[in-house]
Each structure stands twice: as C-alpha cells, then as structure tokens.
C-alpha cells in the first residue's frame, strides 16, 4: 500500500531584495516532482546539492505548505493537515544542557506523555543504539558517531511511522559514516518503518535503499527511479560486486 | 588566577608612588597611592555612610532594570511587532545625554532617591533588554523545525530551546549593567543630592581634598568590580551546561 504519494509538486522561492533578488524574481526549486513510497519501504532521494531535496523533505515533514501540486501521506493532504513523522537533520540538534536521556525524552515531553514510562521504554533501546552507559552524559562528552546515534534514537521515539532523514550522516567522517550505515541497516531491520532518506552519497543510497530516486540539478525533478534488488539483510561486501557497479553506473548516467 | 594584570597594575602603582614622591607633587594635584589609602582609613566612617546611600540607589535601580529589562527583552524577542515598535525608541533613550536628563529628573522627581534610581535604570535597562532580545531572536532554524515537527508550539520552542540558548547573551548584558550601576547612581548624585558618593565627591573637589576624592573613586571602582564578579559567578552556575563544552570563557 502506498503511504506517500506526491504528484506534480513544484516550488518557487521569491528571493528577497536583501539577498540579491531583483523585483519579485521567482526562483524555481522543484518542478513536477512525482513519486510514491510504499509502507516499510526504504527510499533514498539522491541529487546534487541545491536540487531541492531538503526542501522536498521539509514539505513531507509538514514544515512547508507553499507549493504547487499535492502530497498525500496516509491519505491526508499535507496542505490541509499534518501527519506525525520522525524527522532528523544533518546536525544532531541535541540540546547541550540536557543529558542524553533528557534529549531522547524530548518528543515525549513535548507531547505531554508520561516521562517515567517513556524512560523505561527508552532504556532497552539505549543498548541497541550503543549508548547504554551514557544515559546521563551531556552531548559534548560524546563522540560524533554517538551523538548522531542519540539523535537517531530521539528520531525513533517521535510519534509516526514514517522517518524523514535529511543527510543524517553527512557531517561524519568516512569511517564513522560507514559504521553508522551498517548500524542503521541493523536497527532498521529490527524496527521497520518507512524511510525517506536524503543524501548525495551514491554508495550510501545503494547500500541502504530499496529504491533510489535520482534528482536533477535545480529546478529539481526526479529523473530516474532505480530499484535496488540486493537481498536483505545487506552487508558491505555487496559494494564490491558487479551488480553494485551496474547501479552506480546507472545513477551516474542519470545524474548527467 | 591570572597574575599578569595584577603585576602590571602593581607596577603602575609603584611608578605612581615613585614619581609623586620624587618630584614632590603637591597633594591637591596628585596624591600618592599611600596617601589615598590613608585618607580612605581616616575618613572611613563618613565614606561608609555615603557609600551605603549610593549602594542602595544602585541596587534598587539595578533590580528594577533586571526585572523590567528581562521582561521587555523577552517580549521583544517573542513578538516581532513589539520589537519593531519599541526598539528605535530604546536606542533613542541611550543617545540623549544623561547630564541633561539627570537635572530634569530632579525637577520631576525631587531630591530624594527616586531620580537616582531612574538614572540607574536608564543606563542599565538597555543592555539587559537588548542582549536578551538578540539572544532570543538568534535561532537555529533546524532546531525550531525539529521541535515543530515534534508538535511543539511557539511558546514550547522558546521554553525548550530559545530561552536557554539566550541566557549567555542575557548575562553579557547583565555584566555591562553591573559595571554601569554604581557609576549611574554617582552621576545622578552629582547633579543634586544630600548624601552619596557623588555628593561627597563634589565636596572633596571643592575643598581641594584630592586624596579623599581618590578614596571615593577607589570605593566606586571596587564596588563596580564586586558587582561584576557577582554577576559572573551567577552566570557560571546558571550557564554551566548551556554553551558547548560546558565552559564559558
């Protein structure tokens, strides 16, 4: 069943004069974007920087309703209503004055849920996320990878069956990034959710996704929809085979 | 503790002492540091009486500035319309020369403590309100987005993220206010008062007792520094975990 349906989505920005825009100049960021995502599917949106992929994700998160076309999520028109989703950005956005646990409890706190109960539910997950002993640490005492895992755990604790991840590993070094990808595959294998994953890393997109949507440079549109047929659970060895190179070639060709 | 500024200041004091003694500078022109201390001890009872008056004026003025400054700073950070409405006005209040306003305040509010409190407020309110508002307005749009997706209202976004983030800004305003508080009160007394370090200062000047004048100034400096340090101490406790690394430099 389709959980997200985007049809002919276009987006214009009016560039304000103080940012160098001439009178009422309209900049088109997205043009006729259409795609569908099925329940529990892992879909990557891949494209060069500035192609509007983050803008698209903000629309899916309900943060931006100023666009043409329609986006329906769980049969709700996002222009009219919001659907709760899990959302994560490149920066970890952990509050430095809160402990790791207090940061992970944030979604529950905002909803006004019972925090004691939530903490009991989070504790077993801390182990899974490799953060077991760090419950009471403040973010600055954690490594980059740990902070990103904490941010992802907080994302997991948000209400909603859809995860929108905007280059979540973009700020990490190559080695940490690889560990995070392996570990995301592992966690996602256990707790399935629908994922829309924005990235500009081709390898990452192929390794993680069921489908890769390739976007053109601005004004962005989807130029290719590639199904990745590797079986799950996946591992890094797949990145060495000829099938992987075939996908990579395909993506590079559509990126022009 | 950093001993470099301490050593440097000591060196200046010694030079001062040597020059004054060496050249036999008359005391009413420039008293030696030793003479200043002597006057401080000699006129202690009188100085203390005046100091207490100045302290109460400065403290009351600062207290009102902190309460109103924080409240109005918050309102400026939260309501954009309000900020646009009042901000230019606040800037204007800072450009009107205080030595013009101070006599007017006496005309309006009499010779009592009130005009002094108003002068202190005029000086201290501005940095507090402006720094706090600025801290609140400066925000990480990603953080706001994230909290909003979690379902946070604007008020909750402020409570959870923006207010704590603005506290270091607020404290830099408070530190500026702390250094101005005593001087503001003294300036107001200068224009007209019965008691206070400002009054005592004018008397010392008129009678050419420069040593006492310096002792008076010394008290002003020490009080201001003490206030500054007190604010810094509170800041360290409050902001311990707000800035990254848990340290404030």
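Chains as they are written, first to last, in UniProt numbering: chain A, 1 to 256; chain B, 1 to 249.
Glycine residues also receive a C-beta, built at the ideal position from the N, C-alpha and C atoms.
Computed from a prediction, not measured in an experiment: that's the story for all the values here.
| Check | Outcome |
| --- | --- |
| CB contact flag (residue 35 (chain A), residue 210 (chain A), <8 Å) | no |
| CB contact check: residue 119 (chain A) to chain B, cutoff 8 Å | no |
| Any C-beta of chain B under 8 Å from that of residue 200 (chain A) | no |
| Residue 14 (chain A) versus residue 81 (chain B) - alpha carbon distance | 23 Å |
| Residue 172 (chain B) at chain A interface by Cβ criterion, 8 Å | no |
| Straight-line gap, residue 221 (chain B) to residue 241 (chain B) (C-alpha atoms, nearest Å) | 31 Å |
| CB contact below 8 Å: residue 151 (chain B) versus chain A | yes |
| Neighbour-count burial assignment, residue 26 (chain B), 16 or more Cβ in a 10 Å radius | exposed |
| Cβ neighbours of residue 182 (chain B) in the same chain (closer than 6 Å, five flanking residues each side left out) | 58, 220, 223 and 224 |
| Partners in chain B for residue 61 (chain A), counting only beta-carbon separations shorter than 7 Å | 149 |
| Under 7 Å from the C-beta of residue 142 (chain B): neighbouring residues of chain A | 89, 91 and 93 |
| Residue 182 (chain A) Cβ short of 7 Å to the ligand GDP heavy atom set | The ligand GDP is not among the ligands present in this structure, which contains no ligands whatsoever. |
| C-alpha gap between residue 228 (chain A) and residue 249 (chain A), whole angstroms | 13 Å |
| Within chain B, the residues that residue 110 (chain A) reaches when beta carbons sit closer than 8 Å | 147, 150, 151, 152, 156 and 160 |
| Range of the contiguous alpha helix (DSSP H) that encloses residue 145 (chain B) | 141-149 |
| Sufficient close CB pairs (3 or more, under 8 Å) joining the region 44-55 of chain A to the region 196-206 of chain A | yes |
| Between the CA atoms of residue 116 (chain B) and residue 217 (chain B) - distance to the nearest angstrom | 18 Å |
| Rounded straight-line distance, which links the Cα of residue 214 (chain B) to that of residue 37 (chain B) | 9 Å |
| Sufficient close CB pairs (3 or more, under 8 Å) joining the region 7-25 of chain B to the region 235-254 of chain A | no |
| Spatial neighbours of residue 169 (chain A) in its chain, beta-carbon cut-off 6 Å, leaving aside the 5 residues before and after | 177 and 180 |
| Nearest-angstrom beta carbon gap, residue 9 (chain A) and residue 72 (chain A) [assumed within contact, 8 Å] | About 11 Å separates the two Cβ atoms, so there is no contact after all. |
| Which of helix, strand or coil DSSP assigns to residue 44 (chain A) | strand |
| Short Cβ contact (8 Å threshold) for residue 184 (chain A) with residue 139 (chain A) | no |
| DSSP three-state assignment for residue 248 (chain A), whether helix, strand or coil | helix |
| The region 144-157 of chain B / the region 92-105 of chain B touching (three or more Cβ pairs under 8 Å) | no |
| Any chain A beta carbon closer than 8 Å to residue 168 (chain B) | no |
| Exposure of residue 174 (chain B), with buried meaning 16 or more beta-carbon neighbours within 10 Å | buried |
| Residue 157 (chain A) burial status per 10 Å Cβ neighbour count (16 or more: buried) | buried |
| is_contact[residue 188 (chain A), chain B] using C-beta, thresh 8 Å | no |
| C-beta contact flag for residue 78 (chain A) and residue 52 (chain A) at 8 Å | no |
| Rounded C-alpha distance that separates residue 258 (chain A) from residue 133 (chain A) | A question about residue 258 (chain A) goes unanswered here, because the residues of chain A that appear run from 1 up to 256. |
| Distance between beta carbons of residue 76 (chain B) and residue 133 (chain B), contact taken as under 8 Å | 4 Å |
| Chain-order list of residues whose beta-carbon lies under 6 Å from that of residue 193 (chain A) (same chain, five-residue window excluded) | 161 and 163 |
| Contact list for residue 100 (chain A) against chain B, beta-carbon separation under 8 Å | In chain order: nothing, as chain B lies at least about 13 Å away. |
| Pair within 8 Å by beta-carbon distance, residue 31 (chain A) and residue 217 (chain A) | no |
| Range covered by the beta strand (DSSP E) that runs through residue 165 (chain A) | 162-166 |
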